[in-house]
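These protein sequence lines are chains H and G, in that order. Everything in the first sequence is counted per the numbering used here, starting at 11 for the first residue and increasing by one. Everything in the second sequence is counted per the numbering used here, starting at 337 for the first residue and increasing by one. Think of the CB as a built atom: it goes at the ideal place given N, C-alpha and C, for glycine as much as any other residue. Since the model is a prediction, treat every value here as computed from it, not as a measurement. Before any comments, here is the structure.
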Amino acid sequence: MSSDQDHLKETDTEARFEFKKEENSAVRSGKGLTEEVIRMISEDKDEPDWMLERRLRALEQYHNMPMPSDWPGMPDLSELDVEEIIPYIRPDVDKREGVDDWTELPDEIQDTFDKLGIPEAEKNALSGVGAQYESEVVYQNMQEQWEEKGVIFCNMDEAVREHPELVKEHFMTTCVPPSDNKFAALHGAVWSGGSFVYVPEDVTVEMPVQAYFRMNSEGMGQFEHTLIIAEEGSEVHYIEGCSAPKYGTHNLHSGGVEVFVGEDAHVQYSTVQNWSKNTFNLNTKRAICEENGTMEWVSGSMGSKVTMLYPCTILKGRGSTDTHITIALAGEGQDIDTGAKVYHNAPETSSTIESKSISKDGGRTNYRGLVHIADGAENASTAVECDALMFDNESTSDTMPYMEIEESKVDVAHEATVGKIGDEDIFYLQSRGLDDDDAKKMIVAGFIEPITEELPIEYAVELNRLIELEMEGSLG
Amino acid sequence: MSTQVHANLTEEQVREISGDLDEPDWLLETRLEALAALEDLEMPDVIRTPGRDWTNLHELDFESLVDPLNAAEDKDQVGPEEAEVLSWADAVQEHEDLLQDHFGSIVDPQENYLTALSTALFSTGTVIYVPEGVDAEDVTVRTEQNSRSLFNYTLVVTEESSSVTILERQSTGEEAEEQYYSGIVEVAAGENSYVQYGSLQNLSEEAYNFTLKRGVADTYATIDWIEGNLGTQLTKTEVSTELRGDSSETQIVGAFYGHNDQHFDLDAKVWHRAEHTTADLVTRGVTDDVARSVYEGVQDVGSDAWDTSSYQRENTLMLSDESEADASPKLIINNHDTEASHSATVGQIDQEDLFYMTSRGVDPRAARNMLVEGFFVPVLAEIDVDELREDLENLIGTRLRERE
């Protein structure tokens, strides 16, 4: 590896993601999951009774559900001890709802987000920004023009107080009920922070809104909840980014995302996940699409020790459309088990799933996906394409698609390929004067290009850079 | 353990079956161990997704289906002189060494509940032995089931540089309300040998069927499977090859046609465990009426399987609105020096094709039948044995013409 790349690595991974701050919390729950902890979280948030009741019900469901164990080839969760996780840490900031001026934040938090480049991105490319530190959103701001049009972008805790009717109706009810899976139940019990986005009828939010989630403390769990409601004919692009410094003990991230895509509405949900490699990332993300609505998931999974994430779209209305674009990169010690789930429950619905995965240095990627076409979903069509690239013989690349087709008037296609980086390709690039590292990076960049071109340019650059950095650790 | 153990299954029955066949003690022991293991064994794996089991084997009432001492069949076992094609009873007498080497070495008798049941109770079977350098064509095994239950076992052993083509057919003679057919096939393909094993299952539509066919290919060996499924109300099968020797190859070709309320659960699996191995899995099928097909294909590339090529295709054509087709083609890749791909499609008859043909004066029914027959062509073209290909074509054609 050349010295200028060393420098890159130093400044980028270390300074931008790996830095740690002293924990400076106002409130910190005990470890584990007891009714006492739940009541304490709810009380600290001064929540209405109905939310506390929902939390307690979810807790009960959590305790009654077994850990998933019978999935073929599922990642090893044996090192995850939920009872050792600290579910709630409220950082010590003056204003609970999040300030709208970065300078009002405590220095260490402001510095954190500066290093992550969030204020800079806000100035250039975003309609609004929310930033969560540990369990609470500390910064929340949106350009005035969107507020005037009735767009709501606030943190989830505030939404519970300010928009109780909308939240009551949509929060973990029809989309992701706590009974969905054990970690959704866990999330329902201890959720904290996250974003609430409401876009009124026929409003197009032209620039993306972004939320950034940062875990700073050792052994904590982050359980933010994101609820997006896009009314008829509206359009919004939501971006989430996440990172944490690496610790010796395990962190847990178990977010919940619910998206309601109204008639003719269009929602894009983009994630650049870069959790530290001691994090278990077990999320539940789901969208429900009404007539002619469009849902797009764009996910880049680079970080975490274990990721189990299968963003799901329920195509409920006639003519609704889903697009999944996922990219996973697993290096040493990482098991990225991700994919997509689509339920075609209405006629004329269509879905496209495009998955690219890269495994290296003993990492494992798995595409696990389910496409269900219900009886009566006439003229539904789905196309699934998975490509995997492997660097070395210690790595694993699996593909496990499931297709359940109950309707005959359909068009279903699934395709997958696995290949290695071709010696010939590398030789060709080397003969053009590139060194081995750069040749491999270029091949990888070309491999994932169909995905990066779907992202806004700032994020495409970010994703490319993250991948380059990941690659450098192993090559040379 | 969720499966019940039959009150009416006893050690005495197993001893009686083994005794009638004049089996040596070690075979009896293997059978008795399998019987004893039933209690702890699970049903074969079936795919489960949230809220659904793709095939429910637990609902089967084996208690009433299994009648071990009254097995009856009509069997032909024919082969050329150069190869030995023996009934199980003859093989026990003449080739005990061979059985000792291979019996249960490829399919573990205690792999699951149904393999153990089959091992404990099988009363008939075929052993095919092809000596070094011999090319044996046209081995045919025909089994007609005439009893409530029938447990069948087949062993194929090919020595170095030999070849054999086997055609196996299962059908039902005397029909009963419910019948159960169980078959285990083990193929040991020696160095540089070639085995083509074609199988056509056309049992009564009241029957239940469990078959597991598995081969191990030595260096330079090739095992080609052809699997046709038309009969039974419920079929659970696995056809699989372990590519254990360098440069070994396998092909698994499947064709199925389910109608009425038939349910086919078909697995095709290949394990690449050596260098320069090649696998090609091709399955095509039709579902009609309220039939349901479940397909699982697995290409598993081990970490020592350098320079692997592995391909898989599955296509299902749905002829009716109420039928259902589920598919899960899986890739498990542990060696990066691999070229692998899989694809699966589900669809119906192309309306444009149909329109084109009717515009040329072909009546819609005939046009549809031609298109369905055409759909099977890529699979049928892979079958070397004319007899099997023609049988399959005829059965498909007949079933199509019976249709409105």
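Residue i: contacting residues in chain H (beta-carbon distance under 9 angstroms)
i        : result
G/GLN741 : This structure cannot speak to residue 741 of chain G, because chain G is shown only from 337 to 740.
G/ALA663 : PRO411, TYR412, MET413, GLU414, ILE415, VAL422, HIS424
G/MET654 : ILE415, GLU417, SER418, LYS419, VAL420
Nearest-angstrom Cα separation, counted from residue j out to residue i
i        : j        : result
G/GLN429 : G/VAL500 : 23 angstroms
G/LEU566 : G/LEU539 : 8 angstroms
H/HIS391 : H/ASN302 : A quick correction: the sequence has Ser, not His, at residue 391 of chain H. Near 14 angstroms, if we compare the C-alpha coordinates of H/ASN302 and H/SER391.
H/VAL267 : H/THR294 : 6 angstroms
G/GLN349 : G/ARG484 : 16 angstroms
G/ARG735 : G/ASN671 : 44 angstroms
G/THR494 : G/ARG701 : 46 angstroms
G/GLU399 : H/PHE223 : 58 angstroms
H/PRO76  : H/GLN232 : 21 angstroms
G/VAL475 : G/GLU365 : 31 angstroms
G/TYR556 : H/ASP397 : 30 angstroms
H/SER189 : H/TRP81  : 18 angstroms
H/GLN153 : H/GLY138 : 6 angstroms
H/GLU364 : H/ALA393 : 8 angstroms
H/VAL420 : H/ALA240 : 28 angstroms
G/GLU511 : G/THR613 : 44 angstroms
H/GLY40  : H/VAL47  : 7 angstroms
G/LEU434 : G/ASP358 : 16 angstroms
G/ARG620 : G/GLU650 : 6 angstroms
H/GLU306 : H/HIS382 : 18 angstroms
G/LYS741 : G/PHE600 : Chain G is shown from 337 up to 740; residue 741 of chain G falls before or after that span and cannot be answered.
H/ALA387 : H/GLY329 : 10 angstroms
G/LEU536 : H/HIS354 : 36 angstroms
G/PRO386 : H/LEU69  : 21 angstroms
G/GLN635 : G/LEU667 : 5 angstroms
Rounded Cβ spacing between residue i and residue j (contact assumed at less than 8 angstroms)
i        : j        : result
H/TYR149 : H/THR122 : No, H/TYR149 and H/THR122 are not in contact; Cβ-Cβ is about 11 angstroms, not under 8 angstroms.
G/ALA615 : G/LEU579 : 7 angstroms
H/VAL209 : H/VAL161 : 5 angstroms
H/ILE337 : H/GLY310 : 5 angstroms
H/PRO58  : H/PRO174 : 7 angstroms
G/THR490 : G/GLY534 : With a Cβ gap of about 13 angstroms, G/THR490 and G/GLY534 do not count as contacting.
Residue i burial status per 10 Å Cβ neighbour count (16 or more: buried)
i        : result
G/GLN481 : buried
G/GLN598 : buried
G/ARG367 : buried
G/SER354 : buried
H/GLU24  : Residue placement at H/GLU24 is flagged as unreliable, the pLDDT there being 46, under the threshold of 50; the coordinate-derived value follows with that caveat. It counts as exposed.
H/SER361 : buried
H/SER79  : exposed
H/GLU105 : It is worth fixing the name first, because residue 105 of chain H is Lys in this sequence and not Glu. The residue in question, H/LYS105, is exposed, as its Cβ has fewer than 16 Cβ neighbours within 10 Å.
H/PRO85  : buried
G/GLN506 : buried
G/LEU728 : buried
G/LEU371 : buried
G/ASP554 : buried
H/TRP60  : exposed
Neighbouring residues, chain H, relative to residue i (Cβ below 8 angstroms)
i        : result
G/ASP657 : ASP385, GLU417, SER418, LYS419
G/ASP625 : Chain H residues near G/ASP625: none, gap ~11 angstroms exceeds 8 angstroms.
G/LEU679 : This sequence places Ser at residue 679 of chain G; Leu is not what is there. What G/SER679 touches in chain H: ALA423, HIS424, GLU425, ALA426.
Contacts that residue i makes with chain G (C-beta to C-beta distance below 8 angstroms)
i        : result
H/ASP408 : LYS666, LEU667, ILE668, ILE669
H/ASP447 : In chain order: nothing, as chain G lies at least about 18 angstroms away.
Under 7 angstroms from the C-beta of residue i: neighbouring residues of chain H
i        : result
G/GLU741 : This structure does not reach residue 741 of chain G, given that chain G is present from 337 up to 740, and the question cannot be answered.
G/VAL682 : MET413, ILE415, VAL420, VAL422
G/SER639 : ASN403
G/HIS672 : MET400, PHE401, ASP402, ASN403, SER405, LYS430
G/GLU660 : ILE415, GLU416
Interface residues of chain G facing residue i [CB-CB closer than 7 angstroms]
i        : result
H/LEU325 : Result: empty, since nearest Cβ-Cβ is about 17 angstroms, beyond 7 angstroms.
H/LEU380 : THR385
Ranges of the alpha helix (DSSP H) found wholly within the segment 178-243 of chain H, counting only runs of at least 4 = With a minimum length of 4 residues, the continuous alpha helix (DSSP H) runs that stay inside the segment 178-243 of chain H are 192-200.
Of all the alpha helix (DSSP H) runs that stay within the bounds of the segment 44-89 of chain H, which reach a length of 4 or more residues?
-> When DSSP assignments are scanned along the segment 44-89 of chain H, the uninterrupted stretches of alpha helix (DSSP H) that are 4 or more residues long and fall wholly within it turn out to be 45-54, 59-74.
Which residue spans inside the segment 105-180 of chain H form an unbroken beta strand (DSSP E) run of at least 3?
-> For secondary structure counted as the beta strand (DSSP E) over 3 or more consecutive residues, the segment 105-180 of chain H holds these complete runs in sequence order: 138-143, 146-152, 162-165.
Quick one: complete alpha helix (DSSP H) runs, 4+ long, within the segment 450-488 of chain G?
-> Segments of the alpha helix (DSSP H) lying fully in the segment 450-488 of chain G: there are none.
Counting only runs of 3+ residues fully inside the segment 362-397 of chain H, write out the beta strand (DSSP E) ranges in chain order.
-> Runs of the beta strand (DSSP E) inside the segment 362-397 of chain H: 374-383.
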